[in-house]
């Protein structure tokens, strides 16, 4: 299966995902929970993301209310060992604008 | 094939189901090496990337 | 470790991700390969109110996006009303058109609206190649529509091309047209569906052309769309962008102008009819409860393809392509890149391929073995009589056979109009 994340943040030249900033779901993204996790569709970019973990869905949905992405992960029950995988997943979502940094007030 | 396609006959044209076997982590086919962990949790595709739509 | 998506979909989605909705069988053109055999409006078309009810369901189900086509969808008088209704109800729209109604004013209106995408059909980079398939003047109509969209500032509209033996040599030219108008090129696969059944032998790309097309697509990456219609070519090596699997009944489906729900627009045949939106549970219950879709969602055995090293990549190819060439669904695609399909077709001489279930072609261009371009002979008439109780075999039929234009009753048919065929 072809995955299309040409700007996955963990490649050389890109900063790793900053877990300690507040993030949010892009307002043009529609979230559809599924048995395997969720579908996210961005009405602006017309791109689809498949979240293949229900915990990742919980993280993504709670980003807007959490002080940081790290906090959102911890609240969703993501363990320290799992955190790098979730950080990489969040970077993929950030690269395709599914999630964006919150504007600091 | 019978023209009269009732429910049972419809199923005739669907191949026999089978147990899913084989390595669930399919061999990567993308030209670029992906970080395996990111692949597991998120997959992205264009909305044009589904077969069966005009 | 999570399963690949192709396994996840085996559990079934509660709603399609996107779908094709043919709004009308009416069309101002008579393209020789039309997958829906369009031309004449079907008098049983969904009403405006019924269409709005479908959109309400799509919204509730969170279907992200609908590709509205036909026939020529813009010939419906309520077309713009329905597009606006869909986008106001959180259903994205892309509509496919031959461009006949894309005036400057319409183009400006489209450029100003969010969530509406346009796809212009074109099958030749030059008028001679295009019009041989789509009819005299169709190239000019399409280019005019493109010019209007570009002038109105609509960037990134789609130009969709069905690849044929006649136009594979024009790949760079198609790209140049798309670049000229600020559009995105989309190449799709010709299937032996609808009127395509009659021209497939002469129009489908040769094996060498198929390889040429694949190489070209790989070099263009995500710049050129394909609608995932070439997933059977993944057997060559690298997969093209997309899910690379048959979406029929799993992530997509078709709603046709009379509300029939098929697995996909290339499979308009009773064998792939899941139900009708006019049934008591509407579209949602057809999607969720139909036996046909349940069967498609179960993991498929590879059958004759199981032992092939490429099976994991191509997954046996396109169901509709196999069905309408008379090949078994658990065997190779007719255009299998390893040649297994060609060999299978050669090994079964005289096999009767199923005929498309309906024919809405203009009377001067009927479906039939003689081909839609052969306008000779009497006009076929639907007598209106019900088919014989024993049904009879699905076989290649001449249009003069009354059974060719009719569908048999099915015990599970939810449509209140089952078996009713008014004179058209």
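Protein chains in written order, with my numbering: chain A, 95 to 199; chain B, 6 to 59; chain C, 17 to 440.
Where is the CB? At the ideal position from N, CA and C, for every residue including glycine.
Here the structure is a predicted model, which means the values were calculated and not measured.
8 Å contact criterion, which residue i and residue j should meet: CB distance rounded
i             : j             : result
residue 16/C  : residue 264/C : Lying outside 17 to 440, the shown extent of chain C, residue 16/C is not represented and no answer is given.
residue 182/C : residue 215/C : The Cβ separation is near 11 Å, so there is no contact.
residue 60/C  : residue 274/C : 5 Å
residue 150/C : residue 45/C  : 6 Å
residue 317/C : residue 346/C : 7 Å
residue 258/C : residue 247/C : 7 Å
residue 268/C : residue 34/C  : 6 Å
residue 132/C : residue 138/C : Between residue 138/C and residue 132/C the Cβ distance is about 20 Å, and since that is not below 8 Å, they are no contact.
residue 279/C : residue 261/C : Actually they do not touch by this definition, with Cβ atoms about 13 Å apart.
residue 281/C : residue 57/B  : 7 Å
residue 115/C : residue 160/C : 7 Å
residue 304/C : residue 30/C  : 7 Å
residue 70/C  : residue 299/C : 6 Å
residue 343/C : residue 360/C : 6 Å
residue 272/C : residue 38/C  : 5 Å
residue 116/A : residue 160/A : 7 Å
Partner residues on chain B for residue i, Cβ-Cβ distance less than 9 Å
i             : result
residue 301/C : Those do not exist, as residue 301/C stays about 15 Å from chain B at its closest Cβ, beyond 9 Å.
residue 150/A : 46 and 47
residue 281/C : 57, 58 and 59
Counted within 10 angstroms of its Cβ, other Cβ atoms place residue i as buried (16 or more) or exposed
i             : result
residue 174/A : exposed
residue 120/C : exposed
residue 13/B  : Reliability of the predicted coordinates at residue 13/B is poor, the pLDDT of 39 falling under 50, and the value obtained from them is presented with this limitation in mind. Answer is exposed; the Cβ neighbour count stays below 16.
residue 176/C : buried
residue 38/B  : Because the pLDDT at residue 38/B is just 41, under 50, the model does not fix this residue reliably, and the value given afterwards should be weighed accordingly. Label assigned to residue 38/B: exposed.
residue 332/C : buried
residue 192/C : exposed
residue 397/C : Note that residue 397/C scores a pLDDT of 42, beneath 50, so its modelled location is shaky; the value from the coordinates is reported in the next line. Residue 397/C should be labelled exposed.
residue 197/A : exposed
residue 171/A : exposed
residue 188/A : buried
residue 212/C : buried
residue 49/B  : buried
residue 368/C : exposed
residue 370/C : buried
residue 322/C : exposed
residue 142/C : exposed
residue 266/C : buried
residue 207/C : buried
residue 222/C : exposed
residue 199/C : buried
residue 93/C  : exposed
residue 364/C : exposed
residue 381/C : buried
residue 355/C : exposed
Chain-ordered neighbours of residue i on chain C, where CB pairs are closer than 7 Å
i             : result
residue 144/A : 21
Near the ligand GDP: residue i beta-carbon under 7 Å from a heavy atom
i             : result
residue 113/C : This structure lacks the ligand GDP; in fact it carries no ligand of any kind.
Proximal chain B residues relative to residue i, where beta-carbon distance stays under 7 Å
i             : result
residue 147/A : 46
residue 267/C : 55
residue 33/C  : 55
residue 360/C : Chain B residues near residue 360/C: none, gap ~15 Å exceeds 7 Å.
Contact list for residue i against chain A, beta-carbon separation under 7 Å
i            : result
residue 80/C : 124 and 135
residue 29/C : 128
Partner residues on chain B for residue i, Cβ-Cβ distance less than 8 Å
i            : result
residue 83/C : 58 and 59
Residues that residue i contacts on chain F, provided the C-beta gap is smaller than 9 Å
i             : result
residue 369/C : Included in the structure are the protein chains A, B and C, with no chain F among them.
9 Å Cβ cut-off: residues of chain A touching residue i
i            : result
residue 24/C : 128, 129, 130, 131, 144 and 146
(message) Short of 7 Å Cβ to Cβ, which residues in the region 114-131 of chain A face chain C?
(response) Within the region 114-131 of chain A, the residues whose Cβ lies closer than 7 Å to any Cβ of chain C are, in chain order, 124, 126, 128, 129 and 130.
(request) Pair every Cβ in the region 183-197 of chain C with every Cβ in the region 227-246 of chain C, then say whether three or more of these pairs are closer than 8 Å. (result) Yes: the two stretches touch, three or more of their Cβ pairs being nearer than 8 Å.
(request) Inspect the CB distances between the region 71-91 of chain C and the region 40-55 of chain C and report whether three or more fall short of 8 Å. (result) For the pair of segments examined, the region 71-91 of chain C was found to touch the region 40-55 of chain C: the number of CB pairs separated by less than 8 Å reaches three.
(request) Mind checking the region 175-190 of chain A against chain B and listing, in chain order, the residues whose C-beta falls within less than 8 Å of any C-beta there? (result) Answer set for the region 175-190 of chain A: 178, 179, 180, 182, 183, 185, 186, 187 and 190.
(message) Which residues of the region 93-110 of chain C have a Cβ closer than 8 Å to any Cβ of chain A? Give them in chain order.
(response) Contact annotation: in the region 93-110 of chain C, residues whose CB is within less than 8 Å of a CB in chain A are 106 and 108.
(request) Please determine if the region 103-112 of chain C and the region 148-158 of chain C are in contact, where contact requires at least 3 C-beta pairs separated by less than 8 Å. (result) Counting Cβ pairs under 8 Å, fewer than three are found: no touch.
(message) Across the region 237-246 of chain C and the region 49-57 of chain B, are there enough close Cβ pairs to call them in contact, namely three or more that are closer than 8 Å?
(response) Yes, they touch.
(message) Using a Cβ-Cβ cutoff of 9 Å, what residues of the region 125-137 of chain C are near chain A? List them in chain order.
(response) Taking 9 Å as the Cβ-Cβ cut-off against chain A, the residues of the region 125-137 of chain C that qualify are 130, 131 and 133.
(message) So, does the region 155-171 of chain A touch the region 134-144 of chain A, judging by three or more C-beta pairs under 8 Å?
(response) Because the criterion of three Cβ pairs below 8 Å is not met, the region 155-171 of chain A and the region 134-144 of chain A do not touch.
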